[in-house]
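Student: This is the structure I have questions about; it appears just below.
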Amino acid sequence: MTRLPHYAAMLAMAGVLPSDEQGWAYEAKFDGIRAIGHIEDGLRLMSRNDKNITAAWPEIADIAPAAPRFVVDGEIVAFTADGRPSFEALQLGCTSAIPPRSTRSPRPSRSRT
Numbered sequence: 029m030t031r032l033p034h035y036a037a038m039l040a041m042a043g044v045l046p047s048d049e050q051g052w053a054y055e056a057k058f059d060g061i062r063a064i065g066h067i068e069d070g071l072r073l074m075s076r077n078d079k080n081i082t083a084a085w086p087e088i089a090d091i092a093p094a095a096p097r098f099v100v101d102g103e104i105v106a107f108t109a110d111g112r113p114s115f116e117a118l119q120l121g122c123t124s125a126i127p128p129r130s131t132r133s134p135r136p137s138r139s140r141t
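Residue numbers for the sequence shown, in our numbering: 29 to 141.
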């Protein structure tokens, strides 16, 4: 079976808001870690800089396998016990100098697309 195609992360761009809001949708901007998820027999997460960050996020590995296979572009977001997003809770996963999460206590995280 061939791998899913490579996609670059969609990045925000400055622009003018539409004058007619009909037909447009808005969503909350979560402060998280941008990732492209390749969900096949296993999960492969790629950063917006095209680095493989899969090992940093074992908490979300159970979204694979999937049939049909798919690619998703979104934010990995951690929430506090009271439901607020917390970028600080994600920052530990961004440093290779700390031990892998499998050797630390787990914390809740969710992916949001």
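Where a beta carbon is used, it is the ideal one built from N, C-alpha and C, also for glycine. Treat the numbers as computed from the prediction; the structure is a model and nothing was measured.
Using DSSP bridges, identify the partner residues of SER47.
Tutor: In the sequence shown, residue 47 corresponds to position 19, counting from 1. SER47 is not bridged to any residue.
Student: Under 7 Å Cβ to Cβ from ALA125, same chain only, skipping five residues before and after it: list those, please.
Tutor: Looking up residue 125 in the sequence shown gives position 97. Summary for ALA125: the model assigns pLDDT 33, below 50, so the residue's position carries little reliability; its value from the coordinates is reported in the next sentence. Closer than 7 Å at Cβ, skipping near neighbours: no residue.
Student: Would you say ALA89 and LEU71 are within 8 Å of each other, going by their C-beta atoms?
Tutor: The residue given as residue 89 occupies position 61 in the sequence shown. The residue given as residue 71 occupies position 43 in the sequence shown. Yes; because the gap between Cβ atoms is below 8 Å, this pair is in contact.
Student: I need the straight-line Cα distance from GLY43 to ALA56, nearest angstrom please.
Tutor: If you number the sequence shown from 1, residue 43 lands on position 15. If you number the sequence shown from 1, residue 56 lands on position 28. Rounded to the nearest angstrom, the two C-alpha atoms are 17 Å apart.
Student: THR131 by DSSP, collapsed to three states: which one?
Tutor: In the sequence shown, counting from the first residue as 1, residue 131 sits at position 103. Reliability of the predicted coordinates at THR131 is poor, the pLDDT of 45 falling under 50, and the value obtained from them is presented with this limitation in mind. Of the three classes helix, strand and coil, the one that applies to THR131 here is helix, per DSSP.
Student: Hey, would you say ALA63 sits closer than 8 Å to ILE104, going by beta carbons?
Tutor: Locating residue 63 in the sequence shown gives position 35, counting from the first residue. Locating residue 104 in the sequence shown gives position 76, counting from the first residue. A contact, by the Cβ cut-off of 8 Å.
Student: Would you tell me roughly how many angstroms separate the C-alpha atoms of PRO96 and ALA37, rounded to the nearest one?
Tutor: The residue given as residue 96 occupies position 68 in the sequence shown. The residue given as residue 37 occupies position 9 in the sequence shown. Answer to the nearest angstrom: the Cα atoms are 21 Å apart.
Student: Please go through the same chain and pick out, in chain order, the residues whose beta-carbon is closer than 8 Å to the beta-carbon of LEU39, but skip the five residues on each side of it.
Tutor: The residue given as residue 39 occupies position 11 in the sequence shown. Here the set comprises ARG76.
Student: Return the bridge partner residues of ILE67 from the DSSP annotation.
Tutor: The count along the sequence shown starts at 1 and reaches residue 67 at position 39. According to DSSP, which records beta bridges pairwise, ILE67 is partnered with LEU71 and PHE98.
Student: What residue from GLU116, GLN50, VAL100 and THR30 has the CA that sits closest to HIS66's CA?
Tutor: Your numbering for residue 66 matches position 38 in the sequence shown. Minimum Cα distance to HIS66 is reached at VAL100.
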